[in-house]
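If you're matching positions, the sequence shown starts at 1 in full-length UniProt numbering and goes up one per residue. Cβ atoms here follow ideal geometry from the backbone N, Cα and C, with glycine treated the same way. Here the structure is a predicted model, which is why all the values come from computation and not from measurement.
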Amino acid sequence: MTTFSPCIKRQSAGFTLIELLVVISIIGLLASIVLVSVNSARVKARDARRMSDLKQLQLALEMYYDSNNAYPSTGGSWWGVCVNGGSRTTSGANAYIPGLTPDYMSVLPIDPLDNRTGWSGYLYRSTGAIYKLLDHAIGPESFPSADQPFYDPVRPTWAWMLCSEEPACSSW
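Okay, here's the thing in structure tokens:
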């Protein structure tokens, strides 16, 4: 005669709800770590592009100066592709740095975020004798400190800059 004991537990296949929740939580945590590091890499890549763009523009401006004994003039006004910079273009007669394209650069660069509202983007100002070049209002990404290149003492928390000489560097 066989007796059945009520204490024997039945084996079930699959996972418990707690096990599934733990696994999902771990996957979510790992995904958030990956997203943070990917976003950090994107910010660094945009910053590297900004540095490269500003250096290329500076080189083209110096070549222009060597040929013309003056920098391209904006009459002392700020010019840029953004709305407040006159909504200028990246090439041709209405370029934000006049006369630089096509002889010294094929096309003028724009900020990697390409936000053309307000004062946001690359801006240029020159009297012909001196100039200042900005990547202005680029958002809360990163900004050079006072001891680094591209630091703008006039806009320390919202612009990168290159300039020819004083007074453009510290007062424009």
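Contact between the segment 38–54 and the segment 85–99 is absent: fewer than 3 CB-CB pairs across the two stretches fall below 8 Å. Beta-bridge pairing by DSSP links D135 to Y122, W160. The alpha-carbon of W172 is positioned some 23 Å away from that of D47. As summarised for the segment 13–74, the continuous alpha helix (DSSP H) elements at least 4 residues long and confined to that stretch are 17–68, given in chain order.
With 16 or more neighbouring CB atoms inside 10 Å of its own CB, A168 falls in the buried class. The residue from I27, L134, T90, A31 with its alpha-carbon nearest to that of P109 is T90.
Under the DSSP assignment, C169 falls in the alpha helix (DSSP H) whose first and last residues are 168–171.
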